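Number 142 in the UniProt record's numbering belongs to position 142 of the sequence shown; there are no gaps in the numbering.
Glycine residues also receive a C-beta, built at the ideal position from the N, C-alpha and C atoms.
Since the model is a prediction, treat every value here as computed from it, not as a measurement.
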Amino acid sequence: MQATLLSLLGLALFGALHGQEEVTVQPDFQQEKFTGKWYSIGLASNSKWFMEKKQVLKMCTTVVTTATDGNLNVTSTYPKFDRCEKRNSLFIKTEQPGRFSYTSPRWGSRHDIRVVETNYDEYALLYTKKFKGTDTSTMVTLYGRTTELDPKLQEMFTRFSLAQGLPEDAILLLPKTDKCMTDAA
């Protein structure tokens with residue numbers, strides 16, 4: 001695992017030094033192994049929304065299933081005030097396995113989503129570039145199959161986020177909560 005972490009960090013730093021080179025996707029991505037329940041462990045972003053809301057964000061659950069057409073149904077359940085909110089998204093497969101596109105029906109933003117690294121049964125690191133009009137933002141998400149992840153994986157998430165140009169104050173390890181954890185789809 002240490003060699004993988006070092007190689008990922010090296011690739012990320014190389015990209016940062018060379019004008020934000022293309023973010024790579026998990027080699028030999030296996031979509032069927034990626035499906036199932038995930039917990040959001042870390043979130044990093046330079047989006048206005050994230051910077052305004054990060055102090056109230058908590059860990060949430062995300063359930064990934066394969067749609068009949070091979071795309072991914074992604075349902076996130078998260079605490080919002082005194083209730084549990086669900087957000088459904090349809091990640092459209094691209095020609096590159098592990099890379100998806102999503103368009104928000106509510107906001108009209110386009111998202112380029114990449115599964116950067118996963119071992120399928122413990123963690124997944126995702127990179128998203130969001131486009132809306134002339135604005136772009138970056139988001140990095142660390143998912144775990146459980147609510148606890150090895151601190152080395154959390155450190156890898158932080159280093160990768162920094163290498164994407166995200167400042168330290170835009171990187172958050174999400175606080176645990178019991179709320180909405182069992183309400184996942």
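1) Over the uninterrupted alpha helix (DSSP H) stretch that includes K53, give me the two end residues.
2) Kindly provide the ranges of any beta strand (DSSP E) runs that are 3 or more residues long and lie completely inside the segment 55-96, ordered along the chain.
3) Could you tell me the alpha carbon to alpha carbon distance between P85 and Q96, rounded to whole angstroms?
4) Does DSSP put A16 in a helix, a strand or coil?
5) Going by beta carbon distance, what residues of the same chain come within less than 6 Å of S161, once the five residues before and after it are set aside?
6) Report yes if the CB atom of F34 is closer than 8 Å to the CB atom of T94, and no otherwise.
7) DSSP beta-bridge partners for residue 200?
8) Quick check on T158: does DSSP put it in helix, strand or coil?
9) Which term fits A124, buried or exposed, when burial requires 16 or more other beta carbons within 10 angstroms of its beta carbon?
10) Taking all protein chains shown into account, do 16 or more other C-beta atoms lie within 10 angstroms of the C-beta of E168, making it buried, or fewer, making it exposed?
11) If we count the other Cβ atoms within 10 Å of its Cβ and call it buried at 16 or more, is F81 buried or exposed?
12) Quick one: grab the DSSP three-state call for E122.
Walking through what the data contain:
1) DSSP places K53 inside the alpha helix (DSSP H), whose first and last residues are 48-53.
2) Annotation note: the segment 55-96 contains the following uninterrupted beta strand (DSSP E) runs of length 3 or greater, listed N- to C-terminal: 61-66, 72-80, 83-93.
3) Note on residue identity: the sequence assigns Glu, not Pro, to residue 85. Using only the alpha carbons, I get a separation of about 31 Å.
4) Confidence at A16 is low in this model, with a pLDDT of 44, below 50, so its placement is unreliable and no value can be given for it.
5) For S161, the CB contacts under 6 Å within the same chain, skipping 5 residues up- and downstream, are A44, V140, I171 in chain order.
6) No; because the gap between Cβ atoms is not below 8 Å, this pair is not in contact.
7) A question about residue 200 goes unanswered here, because the residues of the chain that appear run from 1 up to 185.
8) Note: T158 maps to helix in three-state DSSP.
9) Burial is judged here by how many other beta carbons sit within 10 angstroms of a residue's own beta carbon; A124 has at least 16 and is buried.
10) That one is exposed.
11) F81 should be labelled exposed.
12) E122: coil per DSSP, three-state reduction.
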